[in-house]
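Q:
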Amino acid sequence: MSILHFLYEMQLSFDSMVTDHHFRFRCLPMETEYQKVRNLEYTIEPAGKVGERTDGFGNRICLGEALMPHDYLKLQVRGTVETRAQEEKAREDSTPVDCLIYTLSSELTRPGEKLAEFYEECRKARLSGPEAIMHRLYREFSYVPGSTHVGTTAEEALAGGKGVCQDYAQILIALCRMAGYPARYVVGLLPGEGATHAWTEMWRDGRWLGLDPTHDCAADERYIKLSHGRDFTDCSVDRGCFKGSAGQRQKIYIKVEEENIW
Amino acid sequence: MILDLVDHKESINRLLARYGVKFGIYKNNQFHEQLFPFDPIPRIISREEYEYLDRGLSQRVLALNAFLKDVYSEKKIVKDGVIPADFIFSSKGYLPQCEGICPPKGIYSHISGIDLVQGKDGCWYILEDNLRIPSGASYPMIARDLTRRAAPEAFVRNHVADNRNYAVMLKETMDYVNTGGINVVLTPGRYNAAFFEHSYLAERSGAILCMPRDLFVEDNKLFYRRYEGRKQQVGAVYRRLSDEYLDPLCFLPESLIGVPGIMDVYACGNVAVINAPGNGVADDKGIYYFVPHMIKYYLNEEPILRNAPTYLAFYEKDRKFILEYLSRLVVKDVSEAGGYGVVFGSNLTREQLKALADVIENEPRRFIAQEVIDFIDLDIVEDGGPVPRKADLRAFVLAGETARVWPSGLTRFSRNPDSFVVNSSQGGGFKDTWVLSR
Numbered sequence: 000m001s002i003l004h005f006l007y008e009m010q011l012s013f014d015s016m017v018t019d020h021h022f023r024f025r026c027l028p029m030e031t032e033y034q035k036v037r038n039l040e041y042t043i044e045p046a047g048k049v050g051e052r053t054d055g056f057g058n059r060i061c062l063g064e065a066l067m068p069h070d071y072l073k074l075q076v077r078g079t080v081e082t083r084a085q086e087e088k089a090r091e092d093s094t095p096v097d098c099l100i101y102t103l104s105s106e107l108t109r110p111g112e113k114l115a116e117f118y119e120e121c122r123k124a125r126l127s128g129p130e131a132i133m134h135r136l137y138r139e140f141s142y143v144p145g146s147t148h149v150g151t152t153a154e155e156a157l158a159g160g161k162g163v164c165q166d167y168a169q170i171l172i173a174l175c176r177m178a179g180y181p182a183r184y185v186v187g188l189l190p191g192e193g194a195t196h197a198w199t200e201m202w203r204d205g206r207w208l209g210l211d212p213t214h215d216c217a218a219d220e221r222y223i224k225l226s227h228g229r230d231f232t233d234c235s236v237d238r239g240c241f242k243g244s245a246g247q248r249q250k251i252y253i254k255v256e257e258e259n260i261w
Numbered sequence: 000m001i002l003d004l005v006d007h008k009e010s011i012n013r014l015l016a017r018y019g020v021k022f023g024i025y026k027n028n029q030f031h032e033q034l035f036p037f038d039p040i041p042r043i044i045s046r047e048e049y050e051y052l053d054r055g056l057s058q059r060v061l062a063l064n065a066f067l068k069d070v071y072s073e074k075k076i077v078k079d080g081v082i083p084a085d086f087i088f089s090s091k092g093y094l095p096q097c098e099g100i101c102p103p104k105g106i107y108s109h110i111s112g113i114d115l116v117q118g119k120d121g122c123w124y125i126l127e128d129n130l131r132i133p134s135g136a137s138y139p140m141i142a143r144d145l146t147r148r149a150a151p152e153a154f155v156r157n158h159v160a161d162n163r164n165y166a167v168m169l170k171e172t173m174d175y176v177n178t179g180g181i182n183v184v185l186t187p188g189r190y191n192a193a194f195f196e197h198s199y200l201a202e203r204s205g206a207i208l209c210m211p212r213d214l215f216v217e218d219n220k221l222f223y224r225r226y227e228g229r230k231q232q233v234g235a236v237y238r239r240l241s242d243e244y245l246d247p248l249c250f251l252p253e254s255l256i257g258v259p260g261i262m263d264v265y266a267c268g269n270v271a272v273i274n275a276p277g278n279g280v281a282d283d284k285g286i287y288y289f290v291p292h293m294i295k296y297y298l299n300e301e302p303i304l305r306n307a308p309t310y311l312a313f314y315e316k317d318r319k320f321i322l323e324y325l326s327r328l329v330v331k332d333v334s335e336a337g338g339y340g341v342v343f344g345s346n347l348t349r350e351q352l353k354a355l356a357d358v359i360e361n362e363p364r365r366f367i368a369q370e371v372i373d374f375i376d377l378d379i380v381e382d383g384g385p386v387p388r389k390a391d392l393r394a395f396v397l398a399g400e401t402a403r404v405w406p407s408g409l410t411r412f413s414r415n416p417d418s419f420v421v422n423s424s425q426g427g428g429f430k431d432t433w434v435l436s437r
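Set out below in structure tokens:
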């Protein structure tokens, strides 16, 4: 078991006033089998009443608007999450109907020639299961920040041979789906300071199993899960729109600390 | 008496043009407006026939509504193996963003436009269901208004059910699901193909016609901004723009004609959206095949109205049949609408048939094939005399506390004598549809 304290801060600054700003944030930790939210508080300024709801994938969204002229929007989320490692033991093997949507390719994970080729090589090498595919991906793909952008597809990233956690996750999702496993995209946080992280969950033996292809390991109790979906698009941490022709800058600060409970 | 109407063909068409009864078409990225030609000879449906259609269509719409509710919640129909999961999850109309949302009063398809044809054997066949934003009710409404003025005698002698009650039915439909506030008709604007209809229906039903910029979300409620700046809460939106443009925060982020945040307001039960987003999964041409199964599954009834005989390329047995008899079937691409993506095997050369067969084999999920129904011709007036043309009927079913079929409908005909395709986007015309009141 592990206790994790986290802080998520995001500030949008505009170089002139904007109005009618509507925002949706998906950055509140989910309640899952392996993760309990102990406490959670957040503030958004300047904004009126902020609401909350759960989207179609089960993600928590906080929603609201700042209609009056403003030149910044600041979000701060603070909380404590209790996590435990995922079970290794297999369960009854059935695929519930809700998993089926994760068997189909999505915009950012649609396989092309490169993915087909990579998958074929895995098959020829008789790689058994997603872990082995992940190891191979980890060896052949390079982590190079800035080499891709949020709209880069798994196919494009693989063709380029380099990318960031989003690309690792989406490539592994595409490969898992090709191998017949339902697979989904996960956004979350890891201990330390930095940015959000992304990894993969695949359905096997009656449960979701987290795999982090960027670090070539299983997602253990150090991982805080915020949201999941078919690919990056379903999990965008913030989405918003406003009126005004202003340039904008975004600053994000994230800190996660593990409490020493022994 | 109907001859009186024939004499007024030109004047009624002139008036329709003046009222702006036009159809907009985008061709090569250019907007063209064209008149929607009106033919004065009505389609006449007897009382008994209407009652039969009313039963059959209401049954169909109840089953489709039950299906939509199931798809976006428990998915029992998939678990029970009645419809393969693939047909639901890979349908373009299936929107995961709508998972778990239960619309006010549990109604998804408030206004359904069901297209049917009558075969030469007298039997009616369903051609397709339109559960997103079926248009066309306004055309017979205004045509009736004008023809009653032009030839009142025709309506004195014949006992025709008044179809101008559509506005009342529409208002009742909106009021029934209204969550508190005004009713509005949301139009993307005057460059939309059916702008005439948007403004006409708003005016007639007493709803406010608004553009996307007139609506805004605050505190998870939807408001209408009045001309003097005050705001009024909206309880029901009859939106005439498609799902993907409805909310840039939920669907296409580049949409400039949506209302940011409206999906969350709707998901929280604070406004009714008519029709519900996500309905496309039920009027998909692939799902059409399964509608008779749905009627049995959800209502435990035998379907009253028939589908046209349909084969699903997805099933191997059907695929073999399709490939063997391709030249006599009509093949439809399930992802297309408005008469696009429809191919008649009989019009193809041998090479084209081969090419089509290859496409079907490669992407079986994409296609259905149907027997070509030899449907009846209706007379239209051309150069002073009657000539027969293919015609279909779009019946409008409004669902509130119960489902009811509007005693009229849009009869569309093909102006090309050799064509079976009657869609207005393909240049067809329309007729009034008379349901006799006794």
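Read top to bottom, the protein sequences are chains A and B. Using numbering that gives the first Met the number 0, you'd call the opening residue of the first sequence number 0 and step up by one each time. Using numbering that gives the first Met the number 0, you'd call the opening residue of the second sequence number 0 and step up by one each time. Virtual Cβ for every residue (Gly too), placed ideally from N, Cα, C.
#1: Under 7 Å, CB to CB, which of the residues in the segment 89 to 101 of chain B have a partner in chain A?
#2: Just to check my reading of the structure: Tyr93 of chain B and Val272 of chain B have Cβ atoms closer than 8 Å, yes? What is that Cβ distance to the nearest angstrom?
#3: Residue range of the beta strand (DSSP E) that Phe37 of chain B falls in?
#4: In chain B, which residues lie with their C-beta within 8 Å of the C-beta of Gly50 of chain A?
#5: Any residues in the segment 191 to 216 of chain B with a beta carbon nearer than 9 Å to a beta carbon of chain A? Which ones, in chain order?
#6: If you reduce the DSSP assignment to three classes, tell me which class Cys240 of chain A lands in.
#7: Does Cys26 of chain A come within less than 8 Å of chain B when only Cβ atoms are used?
#8: Given that Cys216 of chain A touches chain B, what residues does it touch there, using C-beta distances under 8 Å?
#9: Are the C-beta atoms of Gly260 of chain B and some chain A residue less than 8 Å apart?
#10: Against chain B, with Cβ distances strictly below 8 Å, would Asp70 of chain A count as a contact?
#11: Check whether chain B comes within 8 Å of His21 of chain A, counting only Cβ atoms and requiring the distance to be less than that.
#12: Hey, how far is the Cα of Gly159 of chain A from the Cα of Asp166 of chain A?
#13: On the DSSP bridge list, what partners appear for His20 of chain A?
#14: For the candidate residues B:Cys101, B:Leu311, B:Pro139 and B:Glu48, whose alpha-carbon lies nearest to that of Tyr71 of chain B?
#15: Using 8 Å as the limit for Cβ to Cβ distance, is Leu248 of chain B near chain A?
#16: To the nearest angstrom, report how far apart Pro129 of chain A and Leu171 of chain A are at their CA atoms.
#17: What does DSSP give as the partner residue(s) for Glu112 of chain A in the beta ladder?
#18: At a Cβ cut of 7 Å, what residues of the segment 74 to 105 of chain A count as close to chain B, listed as they run along the chain?
#19: Taking 8 Å as the CB-CB limit, is Arg238 of chain A close to chain B?
#20: Please list, in chain order, the chain B residues whose beta carbon lies closer than 8 Å to that of Phe56 of chain A.
#21: Strictly under 8 Å for the Cβ-Cβ distance: is Leu210 of chain A near chain B by that measure?
#22: Against Lys78 of chain B, what residues of chain A qualify as contacts under a CB-to-CB distance less than 7 Å, listed in chain order?
#23: Thinking just about the alpha-carbon of each residue, which of B:Ser204, B:Tyr226 and B:Gly260 is nearest to the one in Asp213 of chain B?
#24: For Leu255 of chain B, count neighbouring Cβ atoms within 10 angstroms of its own Cβ and tell me buried if that reaches 16, exposed if not.
#25: Using C-beta distances below 6 Å, list every residue in its chain close to Ser517 of chain B, excluding the 5 sequence neighbours before and after it, in chain order.
#26: Identify every residue that forms a DSSP beta bridge with Cys164 of chain A.
#27: Using only CA atoms, which one of A:Thr195, A:Gly191 and A:Arg135 lies nearest to Val163 of chain A?
#28: DSSP beta-bridge partners for Ala398 of chain B?
#29: Return the CA-CA distance between Glu322 of chain B and Leu311 of chain B, expressed in angstroms with no decimal places.
#30: So is Gln169 of chain A buried or exposed if we call it buried at 16+ other beta carbons inside 10 Å?
#31: Three-state secondary structure (DSSP) at His134 of chain A?
#32: For the structure I just gave you, are there three or more beta carbon pairs, one from the segment 248 to 260 of chain A and one from the segment 2 to 22 of chain A, closer than 8 Å?
#33: What are the residues that DSSP puts in a beta bridge with Ile223 of chain A?
#34: Using a Cβ cut-off of 8 Å (strictly closer), state whether Ala493 of chain B contacts chain A.
#35: Decide if Asn27 of chain B is buried, meaning its Cβ has at least 16 other Cβ atoms within 10 Å, or exposed.
#36: Hey, which unbroken runs of the beta strand (DSSP E) at 3 residues or more fall wholly within the segment 50 to 76 of chain B?
A: Short version:
#1: Here the close residues are Ser89, Pro95, Gln96, Cys97, Glu98 and Gly99.
#2: As a position in the second sequence, residue 93 of chain B is number 94, starting the count at 1. As a position in the second sequence, residue 272 of chain B is number 273, starting the count at 1. That belief does not hold up - the Cβ atoms of Tyr93 of chain B and Val272 of chain B are roughly 17 Å apart, past 8 Å.
#3: Here residue 37 of chain B is taken as the residue at index 38 of the second sequence, counted from 1. Phe37 of chain B -> beta strand (DSSP E) spans Phe37 to Ile44.
#4: Position 51 of the first sequence holds residue 50 of chain A. Ordered by position in chain B, the residues that pass the 8 Å Cβ test against Gly50 of chain A are Asp218, Asn219, Asp263 and Cys267.
#5: Identification of residues in the segment 191 to 216 of chain B having a C-beta nearer than 9 Å to some C-beta of chain A yields Phe215 and Val216, given in sequence order.
#6: Against the first sequence, residue 240 of chain A aligns to sequence position 241. Here Cys240 of chain A sits in strand by DSSP.
#7: Looking up residue 26 of chain A in the first sequence gives position 27. By this cut-off, Cys26 of chain A is not an interface position.
#8: Numbered from its first residue, the first sequence carries residue 216 of chain A at position 217. Within 8 Å Cβ-Cβ: nothing; Cys216 of chain A doesn't reach chain B, min ~29 Å.
#9: Counting from 1 along the second sequence, the entry for residue 260 of chain B is found at position 261. Yes, because at least one Cβ of chain A sits closer than 8 Å to the Cβ of Gly260 of chain B.
#10: Indexing the first sequence from 1 puts residue 70 of chain A at position 71. Nearest CB-CB separation between Asp70 of chain A and chain B: not below the 8 Å threshold.
#11: In the first sequence, residue 21 of chain A corresponds to position 22, counting from 1. Yes, His21 of chain A counts as interfacial toward chain B.
#12: If you number the first sequence from 1, residue 159 of chain A lands on position 160. If you number the first sequence from 1, residue 166 of chain A lands on position 167. Looking at the backbone, the Cα of Gly159 of chain A and that of Asp166 of chain A are separated by about 11 Å.
#13: Along the first sequence, one-based indexing puts residue 20 of chain A at 21. Checking the DSSP bridge columns, you'll see His20 of chain A partnered with A:Ala65.
#14: As a working mapping, residue 71 of chain B is identified with position 72 in the second sequence. Taking Tyr71 of chain B as reference, the option from B:Cys101, B:Leu311, B:Pro139 and B:Glu48 with the minimal CA-CA separation is B:Cys101.
#15: Your numbering for residue 248 of chain B matches position 249 in the second sequence. Answer yes: the Cβ-Cβ gap between Leu248 of chain B and chain A drops below 8 Å somewhere.
#16: Taking the first residue of the first sequence as 1, we reach residue 129 of chain A at position 130. Taking the first residue of the first sequence as 1, we reach residue 171 of chain A at position 172. Going by C-alpha positions, Pro129 of chain A is about 8 Å away from Leu171 of chain A.
#17: In the first sequence, residue 112 of chain A corresponds to position 113, counting from 1. As far as DSSP is concerned, Glu112 of chain A takes part in no beta bridge.
#18: If the cut-off is 7 Å between Cβ atoms, the segment 74 to 105 of chain A has Val96, Leu99, Ile100 and Leu103 near chain B.
#19: Working through the first sequence from its first residue, we reach residue 238 of chain A at position 239. Chain B places a beta carbon closer than 8 Å to that of Arg238 of chain A, counting this residue as a contact.
#20: In the first sequence, residue 56 of chain A corresponds to position 57, counting from 1. Going along chain B in sequence order, the residues near Phe56 of chain A (Cβ under 8 Å) are Pro95 and Glu98.
#21: Working through the first sequence from its first residue, we reach residue 210 of chain A at position 211. No, its Cβ sits nowhere closer than 8 Å to a Cβ of chain B.
#22: Numbered from 1 along the second sequence, position 79 holds the residue referred to as residue 78 of chain B. Under the 7 Å cutoff, chain A gives Val96.
#23: On the second sequence, residue 213 of chain B is found 214 positions in, with the first residue counted as 1. Among B:Ser204, B:Tyr226 and B:Gly260, the Cα nearest to that of Asp213 of chain B is on B:Tyr226.
#24: Counting from 1 along the second sequence, the entry for residue 255 of chain B is found at position 256. Counting Cβ neighbours within 10 Å, Leu255 of chain B comes out exposed, since fewer than 16 surround it.
#25: Not covered by the structure: residue 517 of chain B. The range shown for chain B is 0 to 437.
#26: On the first sequence, residue 164 of chain A is found 165 positions in, with the first residue counted as 1. According to DSSP, Cys164 of chain A bridges with nothing at all.
#27: On the first sequence, residue 163 of chain A is found 164 positions in, with the first residue counted as 1. Val163 of chain A has its Cα closest to that of A:Thr195, out of A:Thr195, A:Gly191 and A:Arg135.
#28: Here residue 398 of chain B refers to the residue found at position 399 of the second sequence. Beta-bridge pairing by DSSP links Ala398 of chain B to B:Ala402.
#29: The count along the second sequence starts at 1 and reaches residue 322 of chain B at position 323. The count along the second sequence starts at 1 and reaches residue 311 of chain B at position 312. Inspection of the sequence shows that residue 322 of chain B is occupied by Leu rather than by Glu. Roughly 11 Å between the two C-alpha positions.
#30: As a first step, residue 169 of chain A is located in the first sequence; it is residue number 170 there, counting from the start. With 16 or more other Cβ atoms within 10 Å, it is buried.
#31: Residue mapping note: residue 134 of chain A aligns to position 135 of the first sequence, counting from 1. Note: His134 of chain A maps to helix in three-state DSSP.
#32: Yes, they touch.
#33: Here residue 223 of chain A is taken as the residue at index 224 of the first sequence, counted from 1. Ile223 of chain A pairs with A:Leu188.
#34: Missing from the structure shown is residue 493 of chain B; chain B here goes from 0 to 437 and no further.
#35: Along the second sequence, one-based indexing puts residue 27 of chain B at 28. So Asn27 of chain B ends up on the exposed side.
#36: If we require 3 residues or more, the segment 50 to 76 of chain B turns out to have no beta strand (DSSP E) run fully inside it.
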